[in-house]
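This report refers to the structure that appears directly beneath it.
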Amino acid sequence: MYVYSHNQGSEGAKNLAEALKAVRIRHENSTFKGNASKTVINWGAHELPAEVAKCRILNKPEAVVIAANKLTFFNEMSRGDNCPRLVPFTTSVEQVNTWLRGGNTVVARTILNGSSGNGILFIEPNDMTILTAPLYTMYVKKKHEYRIHFFNGELIDFQRKALRPEFKDGNEINWRVRNVENGFIYVRNDITIPTDVFNQAQLCARKSSLDFGAIDLIYNEQSKQGYVLEINTAPGLSGTTVTNYANAFAGVK
Numbered sequence: 002m003y004v005y006s007h008n009q010g011s012e013g014a015k016n017l018a019e020a021l022k023a024v025r026i027r028h029e030n031s032t033f034k035g036n037a038s039k040t041v042i043n044w045g046a047h048e049l050p051a052e053v054a055k056c057r058i059l060n061k062p063e064a065v066v067i068a069a070n071k072l073t074f075f076n077e078m079s080r081g082d083n084c085p086r087l088v089p090f091t092t093s094v095e096q097v098n099t100w101l102r103g104g105n106t107v108v109a110r111t112i113l114n115g116s117s118g119n120g121i122l123f124i125e126p127n128d129m130t131i132l133t134a135p136l137y138t139m140y141v142k143k144k145h146e147y148r149i150h151f152f153n154g155e156l157i158d159f160q161r162k163a164l165r166p167e168f169k170d171g172n173e174i175n176w177r178v179r180n181v182e183n184g185f186i187y188v189r190n191d192i193t194i195p196t197d198v199f200n201q202a203q204l205c206a207r208k209s210s211l212d213f214g215a216i217d218l219i220y221n222e223q224s225k226q227g228y229v230l231e232i233n234t235a236p237g238l239s240g241t242t243v244t245n246y247a248n249a250f251a252g253v254k
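Structure (structure tokens):
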């Protein structure tokens, strides 16, 4: 088995390759020769070299491109039957105005392929101007945020975002955007996945055109509902998560 990463320095791809004893394909000066009998794990790449494209690819580039773009991802997930619950989304300023008049906060996504909170701007009900953006979502309050990994439509690993203990003292906590910069990390010990979060992740995994990925979801405690935010095609991997991925890929025939 082989691994080709969107970023030659990806720690997630490196850790997975080591666990699988797989060969990482170099971006430059590669001597790799592809054929249909070889399997390549595509770790987040939107395009593949010609030799790599000759192989059996897990996570085809066209599926990665869809997942990386927030709007095309939402469109894929909301098409047809058995759709997961998404945060309400729109490209219409008229719909944004309706949400604002209803007292809702709106999230303007100015960068469709942004990560770690990049391109997120909040529009409050009393704001006089609506920021121009290619995508808007209605802000849904959350008790917790989860990352659930899947392979071949099945859920294989579960994590929850938590605030680093040392970050609590003397810092103003941004509970809306829970990223590393704001003091949040992923934990797995002593977590319970709400039933609806599990169910929405399962629907998302089975509807996605990806072979594997990491689904980010939020949980609203008042409604007891989970909402899908996105799928990551090159998630960070360490510890038990690496082992669970390696076990899943090891079963590929």
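Our numbering applies: residue 2 is where the sequence shown begins, and numbers increase by one.
All C-beta atoms in this analysis are idealised placements derived from N, C-alpha and C, irrespective of residue type, glycine included.
Since this is a predicted model, take the numbers as computed values, not measurements.
Same chain, Cβ closer than 7 Å to residue i, neighbours up to 5 away in sequence not counted
i, result
"R86", "Q201, Q226, G227, Y228 and V229"
"V178", "G118 and I121"
"N172", "G184"
"V141", "V88, I219, N221 and Y228"
Continuous alpha helix (DSSP H) stretch holding residue i: start and end
i, result
"K71", "K71 to M78"
"L21", "E12 to L21"
"L204", "T196 to K208"
"A251", "G240 to A251"
Spatial neighbours of residue i in its chain, beta-carbon cut-off 6 Å, leaving aside the 5 residues before and after
i, result
"F90", "F75 and T138"
"C56", "G35, K39 and V41"
"A249", "F152 and I157"
"S6", "A14 and W44"
"K144", "Y220 and E222"
"R165", "G184 and I186"
"R1", "Since the first residue shown for the chain is 2 and the last is 254, residue 1 is missing from the structure and cannot be characterised."
"V66", "H47"
"F33", "I26 and E52"
"W176", "none"
"Q9", "H28"
"V97", "V107, I131 and Y137"
"S210", "A64"
8 Å Cβ shell around residue i - same chain, five flanking residues per side excluded
i, result
"Y246", "L17, A20, H150, F152, I157, D158, F213 and L238"
"N83", "L204, R207 and K208"
"A163", "F185, I186, Y187 and V188"
"R102", "P126"
"S31", "P50 and E52"
"T92", "L72, P135, L136 and Y137"
Beta-ladder partner(s) of residue i, from DSSP
i, result
"G214", "F151"
"I219", "E146 and Y228"
"F159", "I149"
"V181", "V181 pairs with nothing; no bridge assigned."
"L164", "F185"
"V97", "Its beta-bridge partners do not exist; DSSP assigns none."
"R25", "V4"
Run of the beta strand (DSSP E) containing residue i, from where it starts to where it stops
i, result
"V4", "Y3 to S6"
"I121", "I121 to I124"
"V188", "F185 to V188"
"V229", "Q226 to N233"
"R110", "V107 to R110"
"L136", "L136 to M139"
CB contact check: residue i to chain D, cutoff 8 Å
i, result
"S209", "Among the chains in the structure shown there is no chain D, since it carries only a single protein chain."
Checklist entry - Any contact of the segment 107–126 with the segment 67–83, i.e. 3+ C-beta pairs under 8 Å? => result yes
Checklist entry - Between the segment 149–159 and the segment 237–250, do three or more beta carbon pairs fall short of 8 Å? => result yes
Item to check | Any 3 or more C-beta pairs closer than 8 Å across the segment 134–142 and the segment 91–111 | outcome: yes
Checklist entry - What are the complete alpha helix (DSSP H) segments, minimum 4 residues, inside the segment 32–93? => result 51–54, 62–69 and 71–78
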